[in-house]
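Under this note's numbering, the residue at position 99 of the sequence shown is numbered 317, and the numbers go up by one with no gaps.
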Amino acid sequence: MLGAGAIGCLVGGLLAAAGHDVALIGRPARLAPVVGGGLRVRLAGGRSIASRPAVYGDPLQAGADWGVPDAVALTVKAFDVGEAVRMLQDAWPAVPFIVAFQNGIGTEDYLAGVFGPERVVAGTVTLSATLQGGEVVVFNRSGGLALAPVPGGEEACRRLATAWTGLPVPLAVASHAASLKWSKLLLNLVGNAVGAILQWDVHRLFRHPLAARLEHQSLREAVMVGRAAVPAFIDLPGYPVRSFARLVEWLPSGLFARLVGPMAARGRGGKLPSVALDLAAGRARTESPYLHGAVAREAASRGLDAPLNAALASLIEELAANPGLHQRYRDQPEELWRFLEARGLRP
219 MLGAGAIGCL VGGLLAAAGH DVALIGRPAR LAPVVGGGLR VRLAGGRSIA
269 SRPAVYGDPL QAGADWGVPD AVALTVKAFD VGEAVRMLQD AWPAVPFIVA
319 FQNGIGTEDY LAGVFGPERV VAGTVTLSAT LQGGEVVVFN RSGGLALAPV
369 PGGEEACRRL ATAWTGLPVP LAVASHAASL KWSKLLLNLV GNAVGAILQW
419 DVHRLFRHPL AARLEHQSLR EAVMVGRAAV PAFIDLPGYP VRSFARLVEW
469 LPSGLFARLV GPMAARGRGG KLPSVALDLA AGRARTESPY LHGAVAREAA
519 SRGLDAPLNA ALASLIEELA ANPGLHQRYR DQPEELWRFL EARGLRP
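Okay, structure coming up:
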């Protein structure tokens, strides 16, 4: 697990429970509790899974003990993939399989260009989790893992899916990486940009008429662009994405907020979306370019319009570069609305 935060430790703990030898590679300070007391994954239904994976600070340390692993699960954030690739190339230039668990669009194409598509598998997780010391706490009862091949990587995906049997959560295998990642993107987008700008969780967002309307319209743009970009949306473990996309398209904003908002809030378990956490921590980089920004870029490449996604992504990047500006929009949906109106948008 290269990039062993919450998702890396979650996937590593699940694989360890299925009998695999697992090494976690991440920040020593964050993984110190795992070194001291092992790793525990606490699933939402009450089941707790304990393991003692090896822990390292970088791939070179792990390589000295392990040699070449069977696979590397890349669980860094999308904006750190370039640095992770350099570390991989230094430690394991011939690693058989690389599984890309990044949110958003673009990572798999980049990795396939570096390592060859026959070694790259797209992965995603539909479990909402946080790492608390040496324990991964999972919030949602339904969910699991999913894999899909990039074009040319079908055999890699088949072999990896066969090896990963026996997980304590569902494992789905899709036909196309693009469909997998665009389907997960729809889930990632819920509450992410608007929630980050306002610093609101999904539950609060959908209870405010202006915020809920902005959220719904940005999702409508994403569904429109996604239908042009991939053969089809697909359902993911615990999440009927195809039905969700139809609800986004068909329901008026008020009804969408009342029906879908509570379900989305339960799926997040009260946890702030990833971009909101990045902005709250004052980080200079967020996943927004790979989420709402990716929707806007894909729309532009196809002659489509996704102006709300473009504006939200642009504002988030501005807030990340200038944290002092964030106070202007925190808890202020009317201010966000005025920002969009000043750019000619009428959501």
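Virtual Cβ for every residue (Gly too), placed ideally from N, Cα, C.
Would residue i count as contacting chain D if we go by Cβ distances under 8 Å?
i           : result
leucine 495 : Absence of chain D from the displayed structure is noted, only one protein chain being present.
Three-state secondary structure (DSSP) at residue i?
i              : result
alanine 262    : coil
isoleucine 323 : coil
alanine 236    : coil
glutamine 417  : coil
leucine 404    : helix
valine 273     : strand
tyrosine 547   : coil
isoleucine 452 : coil
valine 290     : strand
valine 387     : coil
alanine 392    : coil
alanine 529    : helix
leucine 554    : helix
leucine 257    : strand
alanine 241    : strand
alanine 268    : strand
leucine 522    : coil
leucine 473    : helix
leucine 220    : strand
Can you list, in chain order, the residues of its chain whose CB lies under 6 Å from that of residue i, leaving out five sequence neighbours each side?
i           : result
alanine 296 : Gln320, Gly322, Thr325, Glu505, Tyr508
alanine 538 : Ala502, Thr504
proline 541 : Gly500
Give me the residue from the options with the minimum Cα distance to residue i.
i             : options                        : result
threonine 344 : Ala440, Val332, Gly352, Gly456 : Gly456
arginine 520  : Ala247, Gly444, Gly254         : Gly444
alanine 340   : Ser397, Ala302, Pro386         : Ser397
serine 346    : Glu467, Arg260, Val338, Gly370 : Arg260
proline 480   : Pro541, Gln545, Asp549, Val408 : Val408
serine 269    : Glu553, Leu233, Val303         : Leu233
serine 436    : Val412, Ser393, Ile267         : Val412
threonine 383 : His544, Trp555, Arg564, His238 : His238
leucine 432   : Glu301, Leu554, Ala262, Ala318 : Leu554
serine 471    : Leu497, Val493, Pro427, Phe462 : Pro427
valine 441    : Gly371, Ser492, Ala514, Ala390 : Ala514
histidine 421 : His394, Leu405, Ala482         : Ala482
proline 449   : Leu349, Ser401, Glu372, Ala517 : Ser401
valine 368    : Pro551, Leu423, Ala395         : Ala395
arginine 376  : Pro458, Gly362, Ser393         : Ser393
alanine 330   : Glu372, Ala531, Arg438         : Glu372
glycine 361   : Glu559, Ala390, Leu533         : Ala390
glycine 244   : Ala560, Gln279, Pro551, Gly370 : Gln279
alanine 236   : Thr342, Gln350, Ala381, Ala560 : Ala381
Please report how far the alpha carbon of residue i lies from the alpha carbon of residue j, in whole angstroms.
i                 : j              : result
glycine 256       : tryptophan 310 : 26 Å
valine 286        : leucine 306    : 11 Å
glutamate 353     : methionine 219 : 16 Å
glycine 334       : glutamate 536  : 35 Å
alanine 447       : glycine 254    : 46 Å
asparagine 410    : leucine 385    : 29 Å
arginine 460      : leucine 454    : 9 Å
arginine 337      : aspartate 523  : 35 Å
leucine 495       : lysine 489     : 9 Å
isoleucine 452    : arginine 304   : 33 Å
tryptophan 468    : alanine 430    : 15 Å
phenylalanine 462 : alanine 262    : 23 Å
tryptophan 284    : proline 388    : 28 Å
phenylalanine 516 : leucine 405    : A quick correction: the sequence has glutamate, not phenylalanine, at residue 516. When rounded, the distance between both Cα atoms is 17 Å.
asparagine 358    : leucine 497    : 24 Å
phenylalanine 424 : alanine 528    : 21 Å
alanine 543       : proline 246    : The question names alanine, but residue 543 in the sequence shown is leucine. If you take the alpha carbons of leucine 543 and proline 246, they lie about 33 Å apart.
aspartate 276     : valine 240     : 14 Å
Can you give me the Cβ contacts of residue i inside the same chain, cut-off strictly under 7 Å, excluding the 5 residues immediately before and after it?
i            : result
tyrosine 328 : Val299
glycine 281  : Ala309, Trp310
alanine 302  : Leu220, Gly221, Leu292, Val294
Skipping 5 residues on each side, what residues in its chain have a beta carbon closer than 8 Å to that of residue i?
i             : result
leucine 465   : Phe474, Leu477, Val478
leucine 242   : Met219, Ala222, Gly226, Cys227, Gly230, Leu249, Val252, Leu257, Pro271, Ala272, Val273, Tyr274
aspartate 549 : Leu416, Gln417, Trp418
alanine 312   : Val286
serine 266    : Arg258, Val259, Arg260
leucine 378   : Ala289, Phe315, Val317, Val339, Leu365
leucine 403   : Asn321, Gly322, Ile323, Ala440, Gly444, Leu509, Ala512, Val513
threonine 348 : Ala224, Val354, Val355, Phe357, Lys489
Let me check you understand the geometry: is the CB of residue i closer than 7 Å to at least one non-hydrogen atom of the ligand SAH?
i           : result
alanine 539 : The ligand SAH is absent from the structure shown, which contains no ligands of any kind.
| query | Which runs of the beta strand (DSSP E) fall wholly inside the region 309-382 and span at least 3 residues, in chain order? | reply | 315-318, 338-343, 347-350, 353-356, 363-367
(Q) Ignoring anything shorter than 4 residues, give me the alpha helix (DSSP H) runs that lie fully in the region 478-520, in order along the chain. (A) 492-498, 510-519
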